[in-house]
Amino acid sequence: MSELRFVRMGFGTEAVDYRVAWDEQRRVHAARFADEVPDTVILLEHPPVYTAGRRTQDSERPLDGTPVIDVDRGGKITWHGPGQLVGYPIQKLPRPVDVVAHVRRLEEALIRTSAEFGVTATRVEGRSGVWVLGDPVEQRPALGGLSLDFDPRLTDEEFDPRMNGPEYAPSNAGQRREDRKLAAIGIRVAKGVTMHGFSYNVQPDNKWFDRIIPCGIRDAGVTSLAAELGRDITIEEVLPVVERHLRDILEHADPKPREIVRAGA
């Protein structure tokens with residue numbers, strides 16, 4: 052692939068409004084399609100905001116009517132805000148684009164970043180993003196004083212943790228020793244050029260996730276580098292490490308078009 056350009060758009064007191072960043076994504080996307088700019092990764096923080104991908108269901112949105120911005124990426128509802136590093140890789144890839152391979156490359160960069168800070172992260176089959184695995188089910192503490200055999204999430208597909216007490220809150224998944232998401236990924240591809248990208252929880256207030264069903268997942272939660280390390284960590288510390296691993300993986304990748312299997316072939 053071609054050389055990768057990084058744009059640090061705004062952090063901390065200069066965090067970038069989501070709609071402003073979305074407009075900038077579209078501008079860079081058009082320029083990349085026209086070969087006016089190289090592959091570009093926009094990195095930033097957002098003020099607190101909920102965004103919903105195309106597959107988001109009404110039941111997964113905030114119960115109190117908190118505003119949500121509907122966007123054209125894949126995936127479901129999530130939160131962005133202070134303490135979370137957001138990256139928008141805008142890349143031209145061979146068509147038809149292999150979206151899964153693109154997602155795997157982003158995951159790998161964040162897995163390597165996490166390892167460098169001492170956190171073992173991985174993938175979970177059937178769930179995009181980067182995860183910290185919990186204990187085996189039989190070794191986890193009982194919820195609400197009940198044995199795991201009575202965990203309502205096992206039998207109720209519509210179980211809503213927001214209405215069943217803090218012991219079920221996504222932000223408390225670490226205390227429950229369950230699988231917990233460290234980074235979320237949502238992608239859109241138009242004209243062979245990618246948009247949107249990843250959100251990497253460095254040290255956010257994860258209680259923001261408790262007002263939604265994050266990524267539509269009801270039986271796992273969220274975490275952050277700070278929570279896993281048990282210490283403070285800043286975006287400033289993490290930013291150059293993420294850039295280095297993204298550059299190493301994306302610049303050395305050899306993307307292939309997605310294979311299309313035709314009926315009767």
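With this note's numbering as the guide, the letters of the sequence shown map in order to residues 52 to 316.
From the three backbone atoms N, C-alpha and C, an ideal C-beta is built for every residue, glycine too.
Is the Cβ-Cβ distance between V183 and E279 less than 9 Å?
In the sequence shown, residue 183 corresponds to position 132, counting from 1. In the sequence shown, residue 279 corresponds to position 228, counting from 1. In this structure, V183 lies near E279, with their beta-carbon atoms less than 9 Å apart.
With C-beta atoms as the reference, is I141 less than 9 Å away from H97?
Locating residue 141 in the sequence shown gives position 90, counting from the first residue. Locating residue 97 in the sequence shown gives position 46, counting from the first residue. Against a cut-off of 9 Å, the Cβ pair of H97 and I141 comes out as no contact.
Leaving out five residues on either side along the sequence, give the residues of the same chain with a beta carbon under 6 Å from the beta carbon of D123.
One-based indexing of the sequence shown puts residue 123 at position 72. Closer than 6 Å at Cβ, skipping near neighbours: R239.
Under a Cβ-count criterion, where at least 16 other Cβ atoms within 10 Å of its own Cβ denotes burial, should M214 be classed as buried or exposed?
Working through the sequence shown from its first residue, we reach residue 214 at position 163. By the 10 Å Cβ count, M214 comes out exposed.
From the DSSP output, in three-state form, read off H296 for me.
Start at 1 with the first residue of the sequence shown, and residue 296 comes out as number 245. Of the three classes helix, strand and coil, the one that applies to H296 here is helix, per DSSP.
Would you mind sorting E54 into buried or exposed? The rule is 16 or more other CB atoms within 10 Å of its CB.
Locating residue 54 in the sequence shown gives position 3, counting from the first residue. With fewer than 16 other Cβ atoms within 10 Å, it is exposed.
Going by DSSP, what residue range makes up the alpha helix (DSSP H) through L95?
The residue labelled residue 95 in the question sits at position 44 within the sequence shown. No alpha helix (DSSP H) contains L95, which is instead part of the beta strand (DSSP E) from T91 to L95.
Using the three-state DSSP reduction, which class does A241 fall into: helix, strand or coil?
Here the question's residue 241 lines up with position 190 in the sequence shown. A241: strand per DSSP, three-state reduction.
Excluding the 5 residues flanking V289 on each side, which residues of the same chain have their C-beta closer than 8 Å to its C-beta?
Numbered from 1 along the sequence shown, position 238 holds the residue referred to as residue 289. Counting only Cβ-Cβ distances below 8 Å, and skipping sequence neighbours, we find L136, T164, F168, Y251, V253 and L276.
Do F57 and L157 have their C-beta atoms closer together than 9 Å?
The sequence position of residue 57 within the sequence shown is 6, counting from 1. The sequence position of residue 157 within the sequence shown is 106, counting from 1. For F57 and L157, no; Cβs fall outside 9 Å.
Starting from the C-beta of R262, find all residues in its chain whose C-beta is less than 6 Å away, skip the five residues before and the five after it, and write them out in chain order.
Position 211 of the sequence shown holds residue 262. Excluding its 5 nearest sequence neighbours in each direction, R262 has C-beta neighbours in its own chain below 6 Å: P113, listed in chain order.
Backbone secondary structure at H303 - three-state DSSP:
Within the sequence shown, numbered from 1, the residue matching residue 303 stands at position 252. Correct three-state label for H303: coil.
Assuming L144 is part of the alpha helix (DSSP H), what are its boundary residues?
On the sequence shown, residue 144 is found 93 positions in, with the first residue counted as 1. That residue, L144, is in no alpha helix (DSSP H); it is neither H nor E in DSSP.
Less than 9 Å between the beta carbons of A220 and G272, yes or no?
Sequence index remark: in the sequence shown, residue 220 carries index 169 (1-based). Sequence index remark: in the sequence shown, residue 272 carries index 221 (1-based). The Cβ-Cβ distance between A220 and G272 falls below 9 Å.
Starting from V58, trace the beta strand (DSSP E) in both directions and tell me its first and last residue.
Here residue 58 refers to the residue found at position 7 when the sequence shown is read from its first residue. For V58, the uninterrupted beta strand (DSSP E) segment begins and ends at R56 to G61.
Give me whichever residues DSSP pairs with T129 in a beta bridge.
As a first step, residue 129 is located in the sequence shown; it is residue number 78 there, counting from the start. Answer is T102, bridged to T129.
Span separating the alpha-carbon of A172 from that of I162
Numbered from its first residue, the sequence shown carries residue 172 at position 121. Numbered from its first residue, the sequence shown carries residue 162 at position 111. Between A172 and I162, the C-alpha separation is close to 5 Å.
For S222, count the other beta carbons within 10 Å of its own beta carbon; 16 or more makes it buried, fewer makes it exposed. Which is it?
One-based indexing of the sequence shown puts residue 222 at position 171. With 16 or more other Cβ atoms within 10 Å, it is buried.
Could you check if P255 is buried or exposed, using at least 16 other CB atoms within 10 Å of its CB as the buried criterion?
Residue numbering aside, residue 255 sits at position 204 when the sequence shown is read from its first letter. Buried: at least 16 other Cβ atoms inside 10 Å.
Over what stretch of residues does the beta strand (DSSP E) that includes V151 continue unbroken?
Counted from its first residue, the sequence shown places residue 151 at position 100. Not the beta strand (DSSP E): V151 falls in the alpha helix (DSSP H), residues V150 to E167.
Identified DSSP bridge partners for R231
As a working note, residue 231 is residue 180 in the sequence shown. Looking at the DSSP output, R231 bridges to V183 and G272.
Near G180, what residues of its chain come up, given a Cβ to Cβ distance below 6 Å and the 5 sequence neighbours on each side ignored?
One-based indexing of the sequence shown puts residue 180 at position 129. Only residues of its own chain outside the window of five on either side were considered, and among them K232, A234, A235 and I236 have a CB closer than 6 Å to the CB of G180, listed in chain order.
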